[in-house]
Amino acid sequence: MFTNFNAAEQAVHFPADRRLFLGIKPYIFIAIGVLLLATVGVAWLQYLIGGLPADPSASFAPVAEADPKGFPWWLCLSHWVNFFFLIIIIRSGLSILADHPRLYWNNDCTPDSEWIKFTPLKIPDNKIWTAKDEARYLSPVVGLPGYRHTVGLARCWHFINVPFFLLNGVVFTVLLFTTNQWKRLVPVSWQILPDSWNVFVHYATLNMPVEPNGFYHYNALQQLSYFGVVFILAPVAMLSGMAMSPAIENRFHWLPKLFGNRQGARSVHFLVMLAYLAFILIHVSMVAATGLVRNMNHIIHGTDSPTDTSGLYIGLGFILFIVAFGFFAHWLSWKRPRLLQKAEAAINGTLWKLSINKFKPHIYYSPKDISPYFWANGKVPECEEWRNMAADGFKDYKLKVGGLVDKPVELSITDLIELGKEQNITMHHCIQGWSGIAEWGGVPIKALVELVKPHANVTTVAFYSFGEGLYGGTYYDTHTLDNCMKPASILAWEMNYEPLTPAYGAPLRLRIENQLGYKMVKWIARIDFVESHETIGKGFGGKNEDDEYFDLIANT
Numbered sequence: 001m002f003t004n005f006n007a008a009e010q011a012v013h014f015p016a017d018r019r020l021f022l023g024i025k026p027y028i029f030i031a032i033g034v035l036l037l038a039t040v041g042v043a044w045l046q047y048l049i050g051g052l053p054a055d056p057s058a059s060f061a062p063v064a065e066a067d068p069k070g071f072p073w074w075l076c077l078s079h080w081v082n083f084f085f086l087i088i089i090i091r092s093g094l095s096i097l098a099d100h101p102r103l104y105w106n107n108d109c110t111p112d113s114e115w116i117k118f119t120p121l122k123i124p125d126n127k128i129w130t131a132k133d134e135a136r137y138l139s140p141v142v143g144l145p146g147y148r149h150t151v152g153l154a155r156c157w158h159f160i161n162v163p164f165f166l167l168n169g170v171v172f173t174v175l176l177f178t179t180n181q182w183k184r185l186v187p188v189s190w191q192i193l194p195d196s197w198n199v200f201v202h203y204a205t206l207n208m209p210v211e212p213n214g215f216y217h218y219n220a221l222q223q224l225s226y227f228g229v230v231f232i233l234a235p236v237a238m239l240s241g242m243a244m245s246p247a248i249e250n251r252f253h254w255l256p257k258l259f260g261n262r263q264g265a266r267s268v269h270f271l272v273m274l275a276y277l278a279f280i281l282i283h284v285s286m287v288a289a290t291g292l293v294r295n296m297n298h299i300i301h302g303t304d305s306p307t308d309t310s311g312l313y314i315g316l317g318f319i320l321f322i323v324a325f326g327f328f329a330h331w332l333s334w335k336r337p338r339l340l341q342k343a344e345a346a347i348n349g350t351l352w353k354l355s356i357n358k359f360k361p362h363i364y365y366s367p368k369d370i371s372p373y374f375w376a377n378g379k380v381p382e383c384e385e386w387r388n389m390a391a392d393g394f395k396d397y398k399l400k401v402g403g404l405v406d407k408p409v410e411l412s413i414t415d416l417i418e419l420g421k422e423q424n425i426t427m428h429h430c431i432q433g434w435s436g437i438a439e440w441g442g443v444p445i446k447a448l449v450e451l452v453k454p455h456a457n458v459t460t461v462a463f464y465s466f467g468e469g470l471y472g473g474t475y476y477d478t479h480t481l482d483n484c485m486k487p488a489s490i491l492a493w494e495m496n497y498e499p500l501t502p503a504y505g506a507p508l509r510l511r512i513e514n515q516l517g518y519k520m521v522k523w524i525a526r527i528d529f530v531e532s533h534e535t536i537g538k539g540f541g542g543k544n545e546d547d548e549y550f551d552l553i554a555n556t
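Sequential numbering of the sequence shown, starting at 1, is according to this note's numbering.
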């Protein structure tokens, strides 16, 4: 019987900490001040010294035969579909952010190096502070699904909707350029820049410029804004999201460099979200201020009527539908979470399996890149067997390898060393958002596979820990045999040229570099080769997959 989480269970395990907090580094305030001075301040200075500049909207040329007139049905539809998906993506993204509410410009994620944080908690110096301890409570009014430790369900919502958001954008772009509607959005002259500034000076100094009828024209600043949202924000959102994928980052190291590094991509992804929110706020305000009824008819019916109120009511109805869907999404998240998990696996699990999961990691980092700080995560084992071995330096440790193999074995660390040692410096990608670079030394899993000789029907390798999951029970996870055979897939007994410590998985931990961190089982007790992940646990491929609805294939 599958266990469903609910708000009450969250409250029992994790008392809600609803304290609001925003911590921003001083240099961010300086940058914001400089930006405001360079825009609004200069606009006011120009106005006070030279008066209002000429309004380019006052001298629009007559509408030519080849110019777009009105809004076709596909544009109206894609506009509302885009809005629906964007709201879900933003709300689920906020829940994902809440699981590690700090943003950085460096790959190390060293405490106090973040440029902004959304937690009042200070990391203590006198005990191990894990990434799980960092997770914040987020009201479900804001986030989807909200509450604490719901990153699995948040990712389900996020990644179910992202492919359809992108598909809608592709269809919109194709239709845009196969009709004359592209002329609405794409500037054809550099004159758009001074004209946009002139319009901005009007707005910034509280002087409304001439408002053209959007059925035929946008003013210069509107056109530039819409162009930026469609052709800059959307691609940057997509590329920065891709740059956070372990499968992509480990294969194409140049992609995160477009944003400085992996954490830079995460920060840019957040800033793109803020830009979308700012655009939505300003866009909706201007729609209301410049003729709500007429503007709603433009984007609902594709007509230019200033008196027909049906477009307004239909638009309000759609907004109410989005609100109602938010309530439904909350109910679905807590009452039918397996449906979400299965839907996300069917959509993105299939896409990733056919694409980025095939990428082979390329070793890139050197010793100078090793992080000065590496977040710990997971619950250090409390079982007596592990504690006794730890007290004796794991001299009596034996890795048990069995399942569907010709030659089951029990191997000490010395035995594993004799199978061969591989050393790699790689980046760790946690599902919560932090990253860190470390050296890992251990035996290639390929050597172990060659030793035990799995049966032909084996597709999956299960790794069991001495530790427990967040909600109790033995922690385990599974990987496809194919991923275990990829480059840099090792069983590590060494981290940063020293033996593993208890906090990081002693005596043995897993490294498979095209996967997220929760798949890297620590404190490994045994390994089984099996026919399918569905035969283990609750059948979803791992402890976090069983209890927290994480992904089976964790490439991004």
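Virtual Cβ for every residue (Gly too), placed ideally from N, Cα, C.
If you're wondering where the values come from, they're calculated on a predicted model, not measured in any experiment.
Note to self: Going by the DSSP bridge assignment, what does N424 pair with across the sheet?
What the structure shows: In the DSSP assignment, N424 is bridged to W440.
Check: How about P235 and L351: do their beta carbons lie closer than 9 Å?
Finding: Annotated as distal: P235 and L351, with beta-carbon spacing of 9 Å or more.
Notebook entry, point to check: Is E545 helix, strand or coil by DSSP?
Noted result: Helix at E545.
Check: For L563, does the three-state DSSP call read helix, strand or coil?
Finding: Lying before the first or after the last residue shown, residue 563 is absent from the chain, which here runs from 1 to 556.
Note to self: If contact is defined by three or more beta carbon pairs under 8 Å, each pair taking one atom from either stretch, is the region 150-169 in contact with the region 89-97?
What the structure shows: Segments in contact, yes.
Next item on the list: Would you mind sorting L86 into buried or exposed? The rule is 16 or more other CB atoms within 10 Å of its CB.
Entry: Its Cβ being crowded by 16 or more others within 10 Å, L86 is buried.
Notebook entry, point to check: Does DSSP put I116 in a helix, in a strand, or in coil?
Noted result: Three-state result, I116: strand.
Item checked: Assigned exposure category for Y313 - 16 Cβ within 10 Å defines buried -> Residue burial is scored here from C-beta neighbours: Y313 has fewer than 16 other C-beta atoms within 10 angstroms and is therefore classed as exposed.
Item checked: Alpha-carbon to alpha-carbon, L193 and G146 -> Rounded to whole angstroms, the separation of the alpha carbons of L193 and G146 is 41 Å.
Check: Pick from F165, P101, I282 and N555: whose alpha carbon is nearest that of A135?
Finding: Ranking F165, P101, I282 and N555 by Cα distance to A135 puts P101 first.
Item checked: Chain-order list of residues whose beta-carbon lies under 6 Å from that of E422 (same chain, five-residue window excluded) -> Around E422: P444 and I490.
Notebook entry, point to check: In three-state DSSP terms, what is H429?
Noted result: In this structure, H429 counts as strand in the three-state DSSP scheme.
Notebook entry, point to check: What's the gap between the Cα of G152 and the Cα of R294?
Noted result: C-alpha of G152 to C-alpha of R294: approximately 43 Å in a straight line.
Next item on the list: Could you tell me which of I88, F21 and G33 sits nearest to F327, measuring between CA atoms?
Entry: For the residues I88, F21 and G33, the minimum Cα distance to F327 belongs to I88.
Note to self: Please report the straight-line C-alpha distance between A288 and L144, rounded to a whole angstrom.
What the structure shows: C-alpha separation (whole angstroms): 28 Å.
Margin query: Which of the three DSSP states is assigned to A391 in this structure?
Written below: Looking at A391 - three-state DSSP - the assignment turns out to be helix.
Check: Beta-carbon separation of M520 and L510 under 9 Å?
Finding: Contact: yes.
Item checked: Cβ pair F71, F227 closer than 9 Å -> Result no, Cβ atoms of F71 and F227 do not sit closer than 9 Å.
Next item on the list: Could you tell me the distance, in whole angstroms, from the CA atom of S245 to the CA atom of H429?
Entry: Each residue's Cα considered, the two are about 8 Å apart.
Next item on the list: For A7, collect the residues of the same chain with a Cβ closer than 6 Å to its Cβ; drop the 5 residues on either side in sequence, then sort them by chain order.
Entry: Below a pLDDT of 50, predicted positions are generally treated as unreliable, and A7, at 37, falls in that range; the measurement from the model is reported next regardless. Counting only Cβ-Cβ distances below 6 Å, and skipping sequence neighbours, we find nothing.
Notebook entry, point to check: If we ignore side chains and look at the alpha-carbon of each, how far apart do V461 and L185 end up?
Noted result: V461 and L185: Cα-Cα distance of roughly 52 Å.
Checklist line | Host beta strand (DSSP E) of R526 (start-end) | finding: Note, R526: beta strand (DSSP E), I524 to V530.
Item checked: Per-residue DSSP class, three states only, for G539 -> It is coil, neither helix nor strand.
Check: Roughly how many angstroms separate the alpha carbons of A11 and L121, rounded to a whole number?
Finding: With a pLDDT of 37 at A11, under the threshold of 50, the modelled position of that residue is not reliable, and no figure is offered here.
Check: Looking only at C-alpha atoms, which of L35, K69, D112 and F84 sits nearest to Y373?
Finding: D112 is the residue among L35, K69, D112 and F84 whose C-alpha sits nearest the C-alpha of Y373.
Check: Quick one, are the C-beta atoms of A247 and T556 less than 9 Å apart?
Finding: Taking the C-beta atoms as reference points, T556 is found nearer than 9 Å to A247.
Margin query: Helix, strand or coil for M242? Go by DSSP, reduced to three states.
Written below: DSSP places M242 in the helix class (H, G or I) of the three-state scheme.
Next item on the list: Could you pull out every residue in the same chain whose Cβ sits closer than 6 Å to the Cβ of P256, ignoring the five residues on either side in sequence?
Entry: Once the five neighbours on either side are set aside, the close Cβ partners of P256 are A243, E249, R262 and A265.
Note to self: Spatial neighbours of K183 within its chain, please: C-beta separation below 7 Å, excluding the five flanking residues on both sides.
What the structure shows: Hits under 7 Å: D67 and P68.
Check: Do K558 and L470 have their C-beta atoms within less than 9 Å of each other?
Finding: In the structure as shown, the chain starts at 1 and stops at 556, and residue 558 therefore has no counterpart that could be examined.
Check: Which class does H301 belong to by DSSP, given the choice of helix, strand or coil?
Finding: In the structure shown, H301 sits in coil (DSSP, three-state: anything other than H, G, I, E or B).
Item checked: Simplified DSSP assignment, three categories, for A506 -> Reduced to three states, the DSSP call for A506 is coil.
Check: Is H455 near L404, with beta carbons less than 9 Å apart?
Finding: Less than 9 Å divides the Cβ of H455 from the Cβ of L404.
Next item on the list: Would you mind reading off the limits of the beta strand (DSSP E) that contains D477?
Entry: Counting along the chain, D477 sits inside the beta strand (DSSP E) bounded by residues T474 to T480.
Next item on the list: Please determine if the region 532-552 and the region 372-389 are in contact, where contact requires at least 3 C-beta pairs separated by less than 8 Å.
Entry: Because the criterion of three Cβ pairs below 8 Å is not met, the region 532-552 and the region 372-389 do not touch.
Notebook entry, point to check: According to the neighbour-count rule (16 or more other Cβ atoms, all chains shown, within 10 Å of its Cβ), is Y27 buried or exposed?
Noted result: Sixteen is the threshold: since fewer than 16 other Cβ atoms of the shown chains lie within 10 Å of the Cβ of Y27, the residue is exposed.
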